[in-house]
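Here the structure is laid out as structure tokens; the discussion comes afterwards.
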Amino acid sequence: MKNYFQFDKYGTNFKREILGGITTFLSMAYILAVNPQVLSLAGVKGVSEDMKMDQGAIFVATALAAFVGSLFMGLIAKYPIALAPGMGLNAFFAFTVVLTMGIPWQVGLTGVLFSGIFFAILTVTGFREVIINAIPYQMKMAVSAGIGLFITL
64 MKNYFQFDKY
74 GTNFKREILG
84 GITTFLSMAY
94 ILAVNPQVLS
104 LAGVKGVSED
114 MKMDQGAIFV
124 ATALAAFVGS
134 LFMGLIAKYP
144 IALAPGMGLN
154 AFFAFTVVLT
164 MGIPWQVGLT
174 GVLFSGIFFA
184 ILTVTGFREV
194 IINAIPYQMK
204 MAVSAGIGLF
214 ITL
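Take 64 as the starting number for the sequence shown in the working numbering and just add one per residue.
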């Protein structure tokens, strides 16, 4: 394990990595409780049952997505980064796409699936990198600053 993850190269050890993993898990564990609440539109009055997703299924999907994503990042990419569903996009999906626009969650998730497949194809073919490299450096910095200002305000 020490050689596979190159502990010496990165100045770390097994104990430090385990402590980091536990800390990361504890800081992200709330997602397992909050994501099902948000996506199932729990507590929103006037929402029909057919618009609500099953909380148990969302919990399992959230746990599996976090497990598989984090496992791939650790074992294949060798980066100590944990992945889990984003708490901003889930709110956008539930409250804007489903609740405000009236799109059934099944149709919305189908769109999410197709967009994921599309971006995977862009990545595998190398076209994603071509697109990123076509954006001028100044534009990348301006977008980053704009997002920072948006979050601040």
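Backbone N, C-alpha and C define an ideal beta-carbon position, used for all residues, glycine too.
Answer with buried or exposed for residue i, where buried requires no fewer than 16 other C-beta atoms within 10 angstroms of its C-beta.
i    : result
A92  : exposed
N66  : exposed
M116 : buried
F156 : buried
I210 : exposed
I94  : buried
S207 : exposed
L82  : exposed
Locate the alpha helix (DSSP H) running through residue i, then write down its first and last residues.
i    : result
N153 : 150-154
K115 : Run containing K115: none; DSSP gives neither H nor E here.
G189 : Unbroken run through G189: none, as it is neither H nor E.
L212 : 200-215
M91  : 77-91
Y73  : 70-73
Whose CA, out of the options, lies closest to the CA of residue i?
i    : options               : result
T163 : K72, V110, A105, I85  : V110
N136 : T215, F68, A208, S207 : Reading off the sequence shown, one finds Met at residue 136, where the question assumed Asn. That would be F68, whose Cα lies nearest to the Cα of M136.
F88  : F130, K203, A154      : F130
F158 : V187, M114, F77       : M114
A154 : L127, P199, V107, F77 : V107
Taking only the alpha-carbon atoms, compute the straight-line gap between residue i and residue j and give it to the nearest angstrom.
i    : j    : result
G171 : V161 : 7 Å
Q201 : F213 : 18 Å
L152 : S178 : 14 Å
I166 : S133 : 31 Å
E112 : G119 : 15 Å
F70  : I85  : 18 Å
T75  : V175 : 38 Å
A205 : V187 : 28 Å
Y73  : A197 : 33 Å
F77  : A128 : 25 Å
Per the contact definition of three or more C-beta pairs closer than 8 Å, is the segment 192-204 in contact with the segment 136-148? no
Using 8 Å as the cut-off, can you tell me whether the segment 181-190 makes contact with the segment 123-134, which would need three or more C-beta pairs spanning the two stretches below that distance? no
Closer than 8 Å is the cut-off here; do at least three beta carbon pairs connect the segment 143-150 with the segment 94-102? yes
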